[in-house]
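For the sequence shown, this note's numbering assigns the number 8 to the initial residue and increments by one for each residue that follows. Only one structure is covered here, and it is reproduced in the block below.
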Amino acid sequence: MKASAPGKIILFGEHAVVYGRPALAVPVAQVHADAEVSDSSRAGIWINAPDIDLHAELNSLPSDHPLAAIIREFFPHPVSSPLCPSPNPSTSLRASFGRGDRGEGVEIKISSTIPVASGLGSGAAVSVALIRALSSFLHNPLSDEQISSMAFEIEKLHHGTPSGIDNTVITYARPVFFVKGQPIEIFKVGKPFTIMIADTGISAPTREAVGDVRKLWEADKEKWEKAFDEIGGIAKEARRRIENGEWELIGKLMNQNHELLKGMTVSSPELDRLVDAARSAGALGAKMSGGGRGGNMIALVNAVKAGIAADACISSGAKRVIITQIH
Ligand code: PMV
């Protein structure tokens, strides 16, 4: 049984979203995570994830390993394996799907074209693809809401205090207006527009950037609450513009959002260089995207001139670029 999940970018509102302000995120279909679950003649539950050099039997993985944590939700009573000949049934949040007791082996293949720790949602996409593949394999397909909330639990293992935006946009694979703890709102794109995504090639853990912003906030809550309010206002205006088909006008909002993120110390010289290069090459606006300190930036471009901005970013050090249509 195979399943796939797209990458994502945050258009507006990263970091402030952790503090309850709205953010906009869209799926990026050019990159994706894939999971395949099949029967195997070999006893045990074997995980094969060559991208992260993981070839292991489930019982050999620690309990806080994100992939193992997902798989154990579906196989709370492990099948017997060479590593664990008489398994102790583990407790699980979820009822047993009644398969793991049958004693056959299971082979799980996981792969991803989404660069890790770069703001494209690789962790959440792997979780969503794996949850979908496992639930289909066990003939118990889950709703999007169930998948997203399960992936959110796993995001906590990756990031500590995630807002939930990644698992939401990746599960629904639609543009989302996201406010932490509130029902998901899918928004309409009045007229399609083009975004160029450029990767600094620097992998930067979101957890650290989020932790540093928290320290700033703790030291001066009044100042940072105001900055978060500004970002939230930008995200709301951007949604309105996009829904009205006035996408040309969101370039200025991207530039404003980038300045606020810079002030929050989450940009980096490499990100700023790519942002400047895209703007000089005719982009209507540009900003970092995601946790920051590395990872990707995004630029709003005219579809016909996207290549010029992409070339400028490559000349300024980008390791790869993706041009994607938002619709
Ligand atoms: O680095 P990413 O794309 O996973 O995005 C993190 C977004 C933050 O707002 C910085 C954190 C969060 O959990 O929303």
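Where is the CB? At the ideal position from N, CA and C, for every residue including glycine.
When the options are compared against residue i, the one with the closest alpha-carbon
i	options	result
residue 140	155, 8, 316	8
residue 185	14, 12, 300, 18	18
residue 204	75, 316, 56, 196	316
residue 56	119, 323, 334	119
residue 133	38, 214, 222, 45	38
residue 232	23, 40, 65	23
residue 323	240, 304, 174, 284	284
residue 54	63, 46, 262, 266	63
residue 176	30, 188, 34, 334	34
residue 260	252, 291, 270	291
residue 214	192, 187, 169, 235	169
residue 164	69, 249, 237	69
residue 183	302, 157, 147, 242	242
residue 278	267, 305, 252	305
residue 10	61, 143, 71	143
residue 218	122, 321, 166, 320	166
residue 206	220, 197, 40, 122	122
residue 216	58, 67, 298	298
residue 271	221, 320, 258	221
Through-space distance from residue j to residue i, alpha-carbon basis
i	j	result
residue 254	residue 194	14 Å
residue 210	residue 281	15 Å
residue 149	residue 178	11 Å
residue 12	residue 171	16 Å
residue 223	residue 229	11 Å
residue 103	residue 79	Bear in mind that the predicted position of residue 103 carries a pLDDT of just 42, short of 50, making it unreliable; the figure below should be weighed with that in mind. Their Cα atoms are separated by approximately 10 Å.
residue 83	residue 65	11 Å
residue 112	residue 173	32 Å
residue 334	residue 51	43 Å
residue 130	residue 227	31 Å
residue 269	residue 236	16 Å
residue 360	residue 192	Within the shown structure, residues of the chain are numbered from 8 to 334, placing residue 360 beyond reach of any answer.
residue 87	residue 137	With a pLDDT of only 44 at residue 87, under 50, the local geometry of the prediction cannot be trusted, and the value read off the model is given with reservation. Cα-Cα distance, rounded: 21 Å.
residue 300	residue 288	23 Å
residue 36	residue 256	24 Å
residue 308	residue 318	13 Å
residue 326	residue 115	30 Å
residue 303	residue 208	8 Å
residue 265	residue 330	20 Å
residue 160	residue 188	14 Å
residue 286	residue 234	24 Å
residue 251	residue 30	18 Å
residue 77	residue 48	22 Å
residue 14	residue 158	14 Å
residue 328	residue 314	10 Å
residue 71	residue 61	15 Å
residue 117	residue 43	7 Å
residue 180	residue 267	28 Å
Residue i Cβ short of 6 Å to the ligand PMV heavy atom set
i	result
residue 114	no
residue 335	Only positions 8 to 334 of the chain appear in this structure, which leaves residue 335 out of reach.
residue 172	yes
residue 22	yes
residue 178	no
residue 169	yes
residue 335	The requested residue 335 does not occur in the structure, where the chain is confined to residues 8 to 334.
residue 175	no
residue 331	no
residue 35	no
residue 207	no
residue 120	no
residue 272	no
residue 123	no
residue 25	yes
residue 201	no
Cβ-based burial, residue i [other Cβ within 10 Å; buried from 16]
i	result
residue 311	exposed
residue 332	exposed
residue 95	Caution applies to residue 95, whose pLDDT of 34 falls short of 50 and renders its modelled position unreliable; the value that the coordinates give is listed next. Exposed.
residue 28	buried
residue 162	buried
residue 296	buried
residue 126	buried
residue 152	exposed
residue 238	buried
residue 46	exposed
residue 247	exposed
residue 128	buried
residue 16	buried
residue 294	buried
residue 190	exposed
residue 73	buried
Contact with chain B by residue i, beta-carbon distance below 7 Å
i	result
residue 226	Although the question refers to chain B, the structure presented lacks it and comprises just one protein chain.
Proximity test, residue i beta-carbon vs the ligand MN heavy atom, cut-off 6 Å
i	result
residue 34	In terms of ligand content, the structure shown lacks the ligand MN and carries the ligand PMV instead.
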